[in-house]
Amino acid sequence: MRLHRLRITAFGPFGASQEVDFDNLSSAGLFLLHGPTGAGKTSVLDAVCYALYGSVPGVRQGSGQGTSLRSDHAAPATRTEVTLDLTVAGRRLELTRQPPWERPKKRGTGTTMDKAQSWLREYDATAGTWKDLSRSHQEIGEEISQLLGMSKEQFCQVVLLPQGDFARFLRADAEARGKLLGRLFDTRRFAAAEQRLAEQRRAAESEVRAADAELLADAHRMQQAAGTIVELPATDAAPGDPGLADSVLTWAAVARSTARERLTVAHLALTAADAARTEAQRELAGVQEVHRLQRRFEEARERAERLDERADEHRRVQERMQRGRKAEA
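Using this note's numbering, the first residue of the sequence shown is number 861, and each one after it goes up by one.
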């Protein structure tokens, strides 16, 4: 927001019209508003706040619906008015506010009350003219609050800093200051990024918990298959807790190396068993051959004994056969 001009009439201590050229004051980048007590320094700030929000900070608003803003030095026929020319959010605007005014009647004697009035205009740089936007107090208030991103109370706490109210802002709790500064500096994109990162964190946590649960299930299946090779260490960690995956993977590495060692021992035992079986088979073949030969020898000896037993009869038969041949001859 950049202020250009402020014109005040019959406002606060200023009975006549006064104009402040902020563009001229701000040409050096910084200016000081100073003067003795009662000179109207706070009234200038009040006029800026009144032009923006239709009221002044704190108790200075009074109980008369703005009637206390009127200067006691103003002529009866001069109406209280504040006009502020400013640029906000890239738009050149002009705000005019008139509080309620108890003026003399145009006819007869006595006074009558005029209602408060407000105007909002925007400068059209293309046409070089001012365009009327609204005369509704509510519409103008909503438009200014949306452009500035602050309520009157927040504006008075952060921008005007009147009479020690900034110290009250500093003493406010973190939540209140966070909301105000978030609107003041438009941290919505950072909040959106924070929300996005939080969603990604929750999604990552869910994935980690699911992966840890699957890892634990695999570890229990490995434990059942491994039997007493290595015991799964007892742990109170739940899926998603830090260190759970590392402990399970460490246990799995130990179980794997132990199983490999036992597999190597089993392979060596199997090789030795195969060699022993081959040797046993060779010895069995030799024993079986000896047994076969021994059976053949036994059978031959039994036949020889039977032949010996029948040798005399054989000779007698042979002799009879020879005598028979001789007799036939």
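Backbone N, C-alpha and C fix where the C-beta goes; we use that ideal spot for every residue, glycine too.
Just so you know, these numbers come straight off a predicted model, no measurement behind them.
Give me the Cα-Cα distance between residue i and residue j, rounded to the nearest whole angstrom.
i, j, result
"residue 1108", "residue 1120", "18 Å"
"residue 1126", "residue 1112", "20 Å"
"residue 893", "residue 1051", "37 Å"
"residue 1165", "residue 1172", "13 Å"
"residue 1148", "residue 1076", "58 Å"
"residue 1013", "residue 917", "7 Å"
"residue 1010", "residue 1063", "35 Å"
"residue 1140", "residue 1079", "43 Å"
"residue 1131", "residue 1160", "43 Å"
"residue 1018", "residue 889", "20 Å"
"residue 915", "residue 986", "33 Å"
"residue 1169", "residue 1176", "13 Å"
"residue 1071", "residue 1057", "21 Å"
"residue 820", "residue 898", "Past the edges of the chain, shown from 861 to 1189, lies residue 820, and the structure says nothing about it."
"residue 1047", "residue 976", "36 Å"
Since residue i is in the alpha helix (DSSP H), which residue starts that stretch and which ends it?
i, result
"residue 1146", "1104–1169"
"residue 916", "Here residue 916 belongs to no alpha helix (DSSP H), and DSSP marks it neither H nor E."
"residue 1195", "Because the chain in this structure spans residues 861 to 1189, residue 1195 falls outside the shown range and cannot be described."
"residue 1015", "1012–1015"
If the criterion is Cβ atoms closer than 9 Å, does the pair residue i and residue j meet it?
i, j, result
"residue 866", "residue 948", "no"
"residue 907", "residue 872", "yes"
"residue 937", "residue 957", "no"
"residue 1065", "residue 1100", "yes"
"residue 862", "residue 946", "yes"
"residue 1008", "residue 1015", "yes"
"residue 996", "residue 978", "yes"
In its own chain, which residues sit with a C-beta less than 7 Å from the C-beta of residue i, not counting the 5 before and 5 after it?
i, result
"residue 980", "953, 955, 993, 994, 1000, 1003"
"residue 974", "960, 961, 963"
"residue 965", "971, 972"
"residue 885", "891"
"residue 1178", "none"
"residue 1153", "none"
"residue 875", "931, 933, 934"
"residue 1082", "1112, 1115"
"residue 881", "865"
"residue 1105", "1072, 1075"
Under 8 Å Cβ to Cβ from residue i, same chain only, skipping five residues before and after it: list those, please.
i, result
"residue 940", "869, 870, 871, 929, 930, 931, 934, 958, 959, 961"
"residue 982", "951, 952, 953, 954, 990, 991, 993"
Does the beta-carbon of residue i have 16 or more other beta-carbons within 10 angstroms, so that it is buried, or is it exposed?
i, result
"residue 896", "exposed"
"residue 903", "buried"
"residue 891", "exposed"
"residue 900", "buried"
"residue 1085", "exposed"
"residue 1123", "exposed"
Between which two residues does the beta strand (DSSP E) containing residue i stretch?
i, result
"residue 876", "874–881"
"residue 1214", "With the chain covering only 861 through 1189, there is no way to say anything about residue 1214."
"residue 1078", "No beta strand (DSSP E) holds residue 1078; the alpha helix (DSSP H) holding it covers 1048–1086."
"residue 871", "862–871"
"residue 951", "951–958"
"residue 964", "961–964"
"residue 938", "Element bounds for residue 938: n/a, residue is neither H nor E."
"residue 978", "977–984"
"residue 897", "Taken as a continuous stretch (DSSP letters only), residue 897 belongs to no beta strand (DSSP E), as it is neither H nor E."
"residue 974", "971–974"
If I measure Cβ to Cβ from residue i and keep anything under 6 Å in the same chain, skipping five residues before and after, which residues do I get?
i, result
"residue 1038", "none"
"residue 1189", "none"
"residue 926", "For residue 926, the predicted model reports a pLDDT of 46, less than 50, meaning its position is unreliable and no value from the coordinates is stated."
"residue 1180", "none"
"residue 913", "1012"
Would you check whether the ligand ADP has a heavy atom nearer than 8 Å to the C-beta of residue i?
i, result
"residue 935", "By its list of ligands, the structure shown contains no ligand whatsoever, and the ligand ADP lies outside what it can speak to."
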